[in-house]
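The sequence shown begins at 1006 in my numbering and counts up by one.
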Amino acid sequence: MRVLLLGGTTEASAMALRLSQTRIDTIFSYAGRTRAPAPQPLPTRIGGFGGGQGLATYLNAEAITHVIDATHPFAAGMSRNAVAACAQTGTSLIRLERAPWMAQAGDNWTMVDRVEDMPDALPDTPARVFLAIGKQQIGLFSVKPQHHYVLRLVDAPDAALPLPHATVVLARGPFTAGGDAALMLEHRITHVLAKNAGGTAAQAKLEAARALRLPVILAARPALPGATLDSVEAVMVWLGHSALRGV
Ligand code: NAP
């Protein structure tokens, strides 16, 4: 058995720790989006594979028998490539994905189908927006330049922001509800925007919004093909069953 673990999430790091403890031969893979990715207790490669075909070539070259896709629920391109490459090469594939967040009493959430739909859900009158959606899709909000955006990012932006009124807060999770509430009060936030990532590492902003009674605009996850499990232990069982079958 030789495993490729596609990472970039808290769950991927927990999976890496578990696999290293059981000494299962595993290569960890990062996209290379952040400048200093968290070190992993496994041999690690960084960078894209070159699409689905590139990944298929990699799987054959490295004699990978199992792929665990623990990328972010919104990293749809990588997940689709994994499905295609594993089908092409006959490699076993499982996605490790946490459950989405669900609204609770006291929440004022507006759900939109896609991140692209978020700007339309903002009011036209100037607002102060906590934008916690990563850096790749910030440009979508240039259609609503009247708002002040507070962007929480892992790394400082490489280029000028496409938003005339913006404050960048550099921080890496996990975050706390108290810390996020203090940040929202400091910046006089009126709206909180987030992707429905699920999990514990990034849920503090939703707890803070609930405590401060702020409206939240939440983008639903892209639909992805393939089998999914929601815990590290379930994936370990899946690996064990595959091994017993001699896969
Ligand atoms: P994406 O759109 O699905 O992927 C774009 C391309 O990045 C992929 O086609 C692949 O390049 C490369 N890639 C993605 N994940 C990779 C991995 N683990 N190892 C090697 N190459 C990878 O993904 P994304 O939304 O840009 O996210 C990039 C990374 O950041 C992912 O690993 C994800 O887990 C993490 N992340 C994403 C979000 C988010 O909101 N999207 C949030 C937190 C963390 P090639 O086609 O060249 O193989």
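Glycine residues also receive a C-beta, built at the ideal position from the N, C-alpha and C atoms.
Taking 7 Å as the line, does the beta carbon of residue i fall inside it for any heavy atom of the ligand NAP?
i	result
Lys1200	yes
Gln1141	yes
Ser1018	no
Ala1043	no
Thr1076	yes
Leu1229	no
Asn1086	yes
Gly1204	no
Tyr1154	no
Phe1054	yes
Phe1079	yes
Gly1178	no
Gly1012	yes
Gly1144	no
Met1000	The shown model of the chain, from 1006 to 1252, leaves out residue 1000, and the question about it has no answer.
Arg1226	no
Gly1245	no
Arg1038	yes
Ser1034	yes
Leu1060	yes
Gly1095	no
Checking the sheet assignment: what are the DSSP bridge partners for residue i?
i	result
Tyr1035	Ile1051
Leu1223	Met1116, Ala1199
Tyr1063	DSSP output for Tyr1063 lists no bridge partner at all.
Asp1074	Leu1011, Arg1100
Arg1157	Val1174
Leu1234	Leu1101
Tell me which same chain residues have a C-beta within less than 7 Å of the C-beta of residue i, skipping the five on either side of it?
i	result
Glu1102	Pro1078, Thr1233, Asp1235
Trp1114	Ala1108, Val1221, Leu1223
Ala1216	Ala1182, Ala1186
Met1241	Arg1023
Ala1043	Ser1018
Tyr1035	Gly1012, Gly1013, Pro1042, Thr1049, Ile1051
Arg1040	Asp1160
Just reading off the alpha helix (DSSP H) that residue i is part of, what are its end residues?
i	result
Val1088	1081-1094
Leu1168	Leu1168 -> no alpha helix (DSSP H), and no H or E assigned at all.
Gly1184	1182-1191
Asp1125	1123-1126
Ala1207	Element bounds for Ala1207: n/a, residue is neither H nor E.
Could you pull out every residue in the same chain whose Cβ sits closer than 6 Å to the Cβ of residue i, ignoring the five residues on either side in sequence?
i	result
Leu1072	The question names Leu, but residue 1072 in the sequence shown is Val. Closer than 6 Å at Cβ, skipping near neighbours: Leu1009, Ala1087, Cys1091, Thr1096, Leu1098.
Pro1179	Ala1206
Gly1251	With a pLDDT of 49 at Gly1251, under the threshold of 50, the predicted position of this residue should be treated as unreliable, though the coordinate-derived value follows. Answer for Gly1251: no residue qualifies.
Asp1030	Arg1007
Thr1070	Met1006, Arg1007
His1153	Arg1133, His1170
Gly1082	none
Pro1230	Val1088
Ala1068	Arg1007
His1196	Ala1132, Val1134, Pro1220
Which first and last residues belong to the beta strand (DSSP E) in which residue i is found?
i	result
Leu1136	1133-1137
Who are the near neighbours of residue i in its chain, counting only those whose CB is closer than 8 Å to its CB and skipping five residues on each side?
i	result
Arg1218	Gly1111, Asn1113
Val1237	Glu1016, Ala1019, Met1020, Arg1023, Leu1101
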